[in-house]
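J.: Before anything else, here's the structure in question.
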Amino acid sequence: MDKILRINMGNDGGPQASEEPLGDYTGLGGRGMTSAIIATEVPPLCHPLGRDNKLVIAPGTLSGSHAAQSGRVSVGCKSPLTGGIKEANSGGQGAQVLARLGYAAIVLEGKPKDDTLYKVFINKDGVEIIPDNSLKMRGNYDLIDKIKAEYGEKVACISIGPAGEMKMAAATVAFTDMEQRPTRHAGRGGVGAVMGSKGVKVIVMDDSEMPTRSPKDPEKFKGANKVFAQGLKKHPITGEGLPSFGTNILTNLINEAGGLPTHNFKTGRFDGAFNLSGETQSEIMKSRGGTVAKGCHKGCVIRCSGTYNDKDGNYLTKRTEYETVWAHGANCGIDDMDAVAMLDRLDDDYGLDTIEMGATIGVAMEAGLAKFGDAEAAINLLKEVGKGTPLGRIIGSGAAVTGKVFGVEKVPVVKGQALPAYDPRSIQGIGVTYATSTMGADHTAGYAVTANVLSVGGTVDPLKPEGQVELSRNLQIATAAIDAVGYCLFIAFAILDQEDTFNAMVDVLGAFTGQDLTADDVVALGKKILDYERDFNTRAGFTSKQDRLPDFFKTEPLPPHNVTFEVKDEDLDQVFNW
Amino acid sequence: MSSDPNKNHKTTLCLTVEKDRVPAFLPLLSQGFTVKTKVGLSIRELLCSQLGLSTDYFEHRLQTILLDGKAVDDVRAAVVCHGSTLALSAAMPGLAGAILRRGSVYASMRHQITHKKNAKNEIVKEGTIVLKLFNLVAEDIGPMFLMQGIWIRGENLQDFFRRAPDYFWAGCRAMEIDDTYREVDKLVHIDWRDQQVFLKLEVK
Numbered sequence: 001m002d003k004i005l006r007i008n009m010g011n012d013g014g015p016q017a018s019e020e021p022l023g024d025y026t027g028l029g030g031r032g033m034t035s036a037i038i039a040t041e042v043p044p045l046c047h048p049l050g051r052d053n054k055l056v057i058a059p060g061t062l063s064g065s066h067a068a069q070s071g072r073v074s075v076g077c078k079s080p081l082t083g084g085i086k087e088a089n090s091g092g093q094g095a096q097v098l099a100r101l102g103y104a105a106i107v108l109e110g111k112p113k114d115d116t117l118y119k120v121f122i123n124k125d126g127v128e129i130i131p132d133n134s135l136k137m138r139g140n141y142d143l144i145d146k147i148k149a150e151y152g153e154k155v156a157c158i159s160i161g162p163a164g165e166m167k168m169a170a171a172t173v174a175f176t177d178m179e180q181r182p183t184r185h186a187g188r189g190g191v192g193a194v195m196g197s198k199g200v201k202v203i204v205m206d207d208s209e210m211p212t213r214s215p216k217d218p219e220k221f222k223g224a225n226k227v228f229a230q231g232l233k234k235h236p237i238t239g240e241g242l243p244s245f246g247t248n249i250l251t252n253l254i255n256e257a258g259g260l261p262t263h264n265f266k267t268g269r270f271d272g273a274f275n276l277s278g279e280t281q282s283e284i285m286k287s288r289g290g291t292v293a294k295g296c297h298k299g300c301v302i303r304c305s306g307t308y309n310d311k312d313g314n315y316l317t318k319r320t321e322y323e324t325v326w327a328h329g330a331n332c333g334i335d336d337m338d339a340v341a342m343l344d345r346l347d348d349d350y351g352l353d354t355i356e357m358g359a360t361i362g363v364a365m366e367a368g369l370a371k372f373g374d375a376e377a378a379i380n381l382l383k384e385v386g387k388g389t390p391l392g393r394i395i396g397s398g399a400a401v402t403g404k405v406f407g408v409e410k411v412p413v414v415k416g417q418a419l420p421a422y423d424p425r426s427i428q429g430i431g432v433t434y435a436t437s438t439m440g441a442d443h444t445a446g447y448a449v450t451a452n453v454l455s456v457g458g459t460v461d462p463l464k465p466e467g468q469v470e471l472s473r474n475l476q477i478a479t480a481a482i483d484a485v486g487y488c489l490f491i492a493f494a495i496l497d498q499e500d501t502f503n504a505m506v507d508v509l510g511a512f513t514g515q516d517l518t519a520d521d522v523v524a525l526g527k528k529i530l531d532y533e534r535d536f537n538t539r540a541g542f543t544s545k546q547d548r549l550p551d552f553f554k555t556e557p558l559p560p561h562n563v564t565f566e567v568k569d570e571d572l573d574q575v576f577n578w
Numbered sequence: 579m580s581s582d583p584n585k586n587h588k589t590t591l592c593l594t595v596e597k598d599r600v601p602a603f604l605p606l607l608s609q610g611f612t613v614k615t616k617v618g619l620s621i622r623e624l625l626c627s628q629l630g631l632s633t634d635y636f637e638h639r640l641q642t643i644l645l646d647g648k649a650v651d652d653v654r655a656a657v658v659c660h661g662s663t664l665a666l667s668a669a670m671p672g673l674a675g676a677i678l679r680r681g682s683v684y685a686s687m688r689h690q691i692t693h694k695k696n697a698k699n700e701i702v703k704e705g706t707i708v709l710k711l712f713n714l715v716a717e718d719i720g721p722m723f724l725m726q727g728i729w730i731r732g733e734n735l736q737d738f739f740r741r742a743p744d745y746f747w748a749g750c751r752a753m754e755i756d757d758t759y760r761e762v763d764k765l766v767h768i769d770w771r772d773q774q775v776f777l778k779l780e781v782k
């Protein structure tokens, strides 16, 4: 992983690939790599779909090795949804295969001369950029079937669906999983639209005959990795909860706590939550012959995914995640798991962010385009997006645009990006991260990976209300660092609770890189990434005024606890004050 | 919402099922069931002394506890009153999961929904509470409650049977309603709404 592949799609005479050494980007991976390149090379005031924007795809620094849970890949660009810097990350096979092919990043740049659609093929022999207009407007599933027929069952794919081709601001970049299904997505911020603007439909990667990446200290690495994996397996969340119920294990609990946004953030409890819960979902999956406990990439020991079959026992989609179940379920008043699974399938096929789409359909329902709870209407709205009708293009542009077009006051977005599945009036600390994240509202921007283990948040008294800003800051710093390494964020629970697992993780990193890492190094890396991102956003015109939640969170009490968001603006402005 | 066993229209349903069908009933427990118990006790006293959970299980497995929808940190101080709803969960993923854990280092991030009202001088007396069991906790202790019998809302049971897949019915071997034997085939056709049902499982 010692080179960067640049593909200039605007080259005179047709797209041209070139390789270059890492140079100033040496040592960076994942989000560290994407944000460094975007902040350094992309003019912040450029049009996101124009010549000067770049799409960067970067595996984490551990990807391609035998390190457990190191299968995350980052996708970065200037976001067409937020207008700021964007890093969206994904699971799937992409990170491992790309890293084994030796690339620390693929950078798509320039503006195509015409509307020809291309596929890129990468293997041990090099890179081919092939025009293929037969791929136009194919859904991701159909596209991957075609690629599989052509290139076989061992390749991994990075692709866009029709939404990306239509340059919709909610479009994703899809990554195939171990079964070559396009179920994993770099979902947020419209990264798929930028890939579409570069005229690339799919990147096909074949790592045959390419070696697994070797650690600097193989013996230490092997031992530490074993302890780390055992730590994940013995922890009740990573070893039992997530494999049994997936991330949707959260629905019942968040609903009971009154923090499950329902009917476009009108209430915090949904009467139909039981029908959408992870417990119910798992029973449905098992009763229809679906697989429970499945990884999305090789080397995953948590296995939070699975397969959700339809009533006839045929594959419909992967185990639908909590965020999706919330967005298309409670937020739209829909309590039919099969309908939610169908919406998830359509999102994956069209290449759309499930959070943005669920929030947008919720806004559309608020506007009266459909009734809350009408699953058929929600499916039809999504199909409008897939077809690219005028209404579909509005919906596919996200919640903020849809709210403007239909005159809706209550639109749950920050920096133009829809809020995820936790109401910030109930869980205010998450609201701090939603408001201040460089990415727009993002539940993964400040993950629970610090505090007692990195000693950067541990001085805060957990039972006192003060300190939410400090916690959010520290969580955002640590998350940025983890995103750079390529670890799945779900390792957080085991490293939070089990000191030996945290130490093993640090040893894995140290043995792989040959460096003795400390918590200070991790904090420095996280701060460096956030500095890149804040600097880009500032130069793009962002001020503290964008670090705010919509007003209704401050003025409309949320049942059942009737709470409002109380964190003061001046406190929010202290999050990045270091 | 759950069933109030003191109301009218009470029905007892005793189902004999194959052992591997018991997990299918567990999601029902997340909707809540009514338990007759002494109230006015702390959460710890109620669960360990009254409902029979071991202290080891209580301390290590029950990482997330909501009392009337509010996250509990101090399980020795928070008092369960007559009519309270107590939800029990294992440790949960996500930042929200970490925040909601009892004694979480992130507890300040949800202080608006933290349970703070610790009733002092509460009289210990007989009463009822609604218990909700989620995820791994339902798997661990749910079968025990199902074998002992639970009071649930007829609407919940009606919906549960309506959604049950074909394989579920093949594992139901016998049924008694109010001590009268009935054909299992009739189960799905019975109108359970507007009833409080005492559901008890027996395993064959």
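So the protein sequences, as listed, match chains A and B. Those letters in the first sequence? Residues 1 to 578, by this note's numbering. Those letters in the second sequence? Residues 579 to 782, by this note's numbering. We put the CB at the ideal spot given by N, CA and C, even for glycine.
As a quick exercise: from A:Tyr350, A:Gln281, A:Asn11, pick the residue whose alpha carbon is nearest that of Ala339 (chain A).
T.: Taking the first residue of the first sequence as position 1, residue 339 (chain A) is located at position 339. Taking only the C-alpha atoms, the option nearest Ala339 (chain A) is A:Gln281.
J.: Closest by CA to Ala39 (chain A), which one among A:Asn537, A:Lys568, A:Ser544, A:Ser74?
T.: On the first sequence, position 39 is the one that residue 39 (chain A) refers to. Nearest option by C-alpha distance: A:Asn537.
J.: If the cut is a Cβ gap below 9 Å, which residues of chain A does Pro721 (chain B) touch?
T.: Residue 721 (chain B) sits at position 143 when you count from the first residue of the second sequence. In chain order: nothing, as chain A lies at least about 14 Å away.
J.: With C-beta atoms as the reference, is Leu49 (chain A) less than 8 Å away from Lys136 (chain A)?
T.: As a working note, residue 49 (chain A) is residue 49 in the first sequence. As a working note, residue 136 (chain A) is residue 136 in the first sequence. Taking 8 Å as the Cβ cut-off, Leu49 (chain A) and Lys136 (chain A) do not qualify as a contacting pair.
J.: Which class does Gly749 (chain B) belong to by DSSP, given the choice of helix, strand or coil?
T.: Counting from 1 along the second sequence, the entry for residue 749 (chain B) is found at position 171. Three-state result, Gly749 (chain B): coil.
J.: From the beta carbon of Tyr759 (chain B), is the nearest beta carbon of chain A less than 8 Å away?
T.: Start at 1 with the first residue of the second sequence, and residue 759 (chain B) comes out as number 181. No - not a single Cβ of chain A is within 8 Å of the one on Tyr759 (chain B).
J.: Between which two residues does the beta strand (DSSP E) carrying Gly541 (chain A) extend?
T.: By one-based count along the first sequence, residue 541 (chain A) stands at place 541. No beta strand (DSSP E) contains Gly541 (chain A), which DSSP labels as neither H nor E.
J.: Along chain A, which residues have their Cβ under 7 Å away from the Cβ of Lys710 (chain B)?
T.: Taking the second sequence and counting its residues from 1, the one referred to as residue 710 (chain B) is at position 132. Correct list: Glu256.
J.: Gly457 (chain A): buried (16+ other C-beta within 10 angstroms of its C-beta) or exposed?
T.: Translated into the one-based positions of the first sequence, residue 457 (chain A) becomes position 457. With a pLDDT of 41 at Gly457 (chain A), under the threshold of 50, the predicted position of this residue should be treated as unreliable, and no value is reported.
J.: Report the rounded CA-to-CA distance for Ser579 (chain A) versus Gly60 (chain A), giving the unit in angstroms.
T.: With chain A running from 1 to 578 in the structure shown, residue 579 (chain A) is simply not present.
J.: Using only the alpha-carbon positions, how far apart do Glu409 (chain A) and Ala193 (chain A) sit?
T.: Indexing the first sequence from 1 puts residue 409 (chain A) at position 409. Indexing the first sequence from 1 puts residue 193 (chain A) at position 193. Their Cα atoms are separated by approximately 27 Å.
J.: Find out if the Cβ-Cβ distance for the pair Thr663 (chain B), Lys782 (chain B) is shorter than 8 Å.
T.: Within the second sequence, residue 663 (chain B) is the residue found at index 85, counting from 1. Within the second sequence, residue 782 (chain B) is the residue found at index 204, counting from 1. For Thr663 (chain B) and Lys782 (chain B), no; Cβs fall outside 8 Å.
J.: What residues are listed by DSSP as bridge partners for Thr317 (chain A)?
T.: Position 317 of the first sequence, counted from the start, is the residue given in the question as residue 317 (chain A). Per DSSP, A:Tyr308.
J.: Would you check if the distance between the CB atom of Leu549 (chain A) and the CB atom of Ser426 (chain A) is smaller than 8 Å?
T.: On the first sequence, residue 549 (chain A) is found 549 positions in, with the first residue counted as 1. On the first sequence, residue 426 (chain A) is found 426 positions in, with the first residue counted as 1. No, the pair does not count as a contact, with Cβ atoms beyond the cut-off.
J.: Which residues of chain A have a Cβ atom closer than 8 Å to the Cβ of Leu785 (chain B), listed in chain order?
T.: Here chain B comprises residues numbered 579 to 782, so residue 785 (chain B) is not present and cannot be evaluated.
J.: Using DSSP with H/G/I as helix, E/B as strand and the rest coil, what is Trp579 (chain A)?
T.: Because chain A is modelled from 1 through 578, residue 579 (chain A) falls outside the range shown and cannot be assessed.
J.: Leaving out five residues before and five after Cys592 (chain B) in sequence, what residues of the same chain have Cβ atoms less than 6 Å from its Cβ?
T.: Working through the second sequence from its first residue, we reach residue 592 (chain B) at position 14. Result list for Cys592 (chain B): Glu754, Lys778, in chain order.
J.: At which residue ranges does the stretch 75-158 of chain A contain complete beta strand (DSSP E) runs of 3 or more residues, listed in the order of the chain?
T.: Runs of the beta strand (DSSP E) inside the stretch 75-158 of chain A: 85-90, 103-109, 118-123, 126-131.
J.: Here's the rule I'm using: 16 or more other beta-carbon atoms within 10 Å means buried, otherwise exposed. How should Asn133 (chain A) be labelled?
T.: Residue mapping note: residue 133 (chain A) aligns to position 133 of the first sequence, counting from 1. Counting Cβ neighbours within 10 Å, Asn133 (chain A) comes out exposed, since fewer than 16 surround it.
J.: Please go through the same chain and pick out, in chain order, the residues whose beta-carbon is closer than 7 Å to the beta-carbon of Gly727 (chain B), but skip the five residues on each side of it.
T.: Taking the first residue of the second sequence as position 1, residue 727 (chain B) is located at position 149. Once the five neighbours on either side are set aside, the close Cβ partners of Gly727 (chain B) are Phe776, Leu777, Lys778.
J.: Is Leu779 (chain B) close to chain A? Criterion is C-beta to C-beta, closer than 8 Å.
T.: Within the second sequence, residue 779 (chain B) is the residue found at index 201, counting from 1. Not closer than 8 Å to any Cβ of chain A, the Cβ of Leu779 (chain B) fails to qualify, so no.
J.: Name the chain B residues whose beta carbon is nearer than 9 Å to that of Gln93 (chain A)?
T.: If you number the first sequence from 1, residue 93 (chain A) lands on position 93. Within 9 Å Cβ-Cβ: nothing; Gln93 (chain A) doesn't reach chain B, min ~23 Å.
J.: How about Glu279 (chain A): is its C-beta nearer than 8 Å to some C-beta of chain B?
T.: Here the question's residue 279 (chain A) lines up with position 279 in the first sequence. With 8 Å as the cut-off, Glu279 (chain A) counts as an interface residue toward chain B.
J.: In the DSSP assignment, the alpha helix (DSSP H) including Ser18 (chain A) goes from what residue to what residue?
T.: Translated into the one-based positions of the first sequence, residue 18 (chain A) becomes position 18. No alpha helix (DSSP H) holds Ser18 (chain A); the beta strand (DSSP E) holding it covers 16-21.
J.: Kindly indicate which residue of A:Gly295, A:Asp310, A:Glu384, A:Ile477 has the alpha-carbon position closest to the one of Leu530 (chain A).
T.: Numbered from its first residue, the first sequence carries residue 530 (chain A) at position 530. The residue with the shortest Cα to Cα distance from Leu530 (chain A) is A:Ile477.
J.: Straight-line CA distance for Arg6 (chain A) to Val75 (chain A)?
T.: The count along the first sequence starts at 1 and reaches residue 6 (chain A) at position 6. The count along the first sequence starts at 1 and reaches residue 75 (chain A) at position 75. The straight-line gap from Cα to Cα measures roughly 14 Å.
J.: I'd like the list of long-range same chain contacts for Lys154 (chain A), defined as Cβ closer than 7 Å, with 5 residues on each side in sequence excluded.
T.: The count along the first sequence starts at 1 and reaches residue 154 (chain A) at position 154. Only Asp206, Ser208 meet the Cβ criterion.
J.: Use the C-beta contact count for Asn562 (chain A): other C-beta atoms within 10 angstroms, 16 or more gives buried, fewer gives exposed.
T.: By one-based count along the first sequence, residue 562 (chain A) stands at place 562. By the 10 Å Cβ count, Asn562 (chain A) comes out exposed.
J.: Specify the secondary structure class of Val340 (chain A) as computed by DSSP and reduced to three states.
T.: Residue mapping note: residue 340 (chain A) aligns to position 340 of the first sequence, counting from 1. DSSP places Val340 (chain A) in helix when its eight states are reduced to three.
J.: Return the residue from the list A:Ile237, A:Gly94, A:Ile395 that minimises the CA-CA distance to Ala171 (chain A).
T.: The residue given as residue 171 (chain A) occupies position 171 in the first sequence. Ranking A:Ile237, A:Gly94, A:Ile395 by Cα distance to Ala171 (chain A) puts A:Ile395 first.
J.: Just how far apart, CA to CA, sit Ile158 (chain A) and Ala99 (chain A)?
T.: Counting from one through the first sequence, the residue named residue 158 (chain A) turns up at place 158. Counting from one through the first sequence, the residue named residue 99 (chain A) turns up at place 99. One C-alpha to the other measures close to 14 Å.
J.: Roughly how many whole angstroms lie between the Cα atoms of Val708 (chain B) and Ile730 (chain B)?
T.: Here residue 708 (chain B) is taken as the residue at index 130 of the second sequence, counted from 1. Here residue 730 (chain B) is taken as the residue at index 152 of the second sequence, counted from 1. Going from the Cα of Val708 (chain B) to the Cα of Ile730 (chain B) covers about 10 Å.
J.: Mapping DSSP to helix, strand and coil, what is Arg288 (chain A)?
T.: Translated into positions along the first sequence, residue 288 (chain A) becomes position 288. In the structure shown, Arg288 (chain A) sits in coil (DSSP, three-state: anything other than H, G, I, E or B).
J.: If you measure between the beta carbons of Pro671 (chain B) and Leu253 (chain A), is that distance less than 8 Å?
T.: In the second sequence, counting from the first residue as 1, residue 671 (chain B) sits at position 93. In the first sequence, counting from the first residue as 1, residue 253 (chain A) sits at position 253. It is not a contact, given that the beta carbons lie outside the stated cut-off.
J.: So, does the CB of Ser79 (chain A) fall closer than 8 Å to a CB anywhere in chain B?
T.: Along the first sequence, one-based indexing puts residue 79 (chain A) at 79. Judged by the 8 Å Cβ criterion, Ser79 (chain A) is not in contact with chain B.
J.: Buried or exposed for Val702 (chain B), going by 16 or more other Cβ atoms inside 10 Å?
T.: As a first step, residue 702 (chain B) is located in the second sequence; it is residue number 124 there, counting from the start. Result: exposed.
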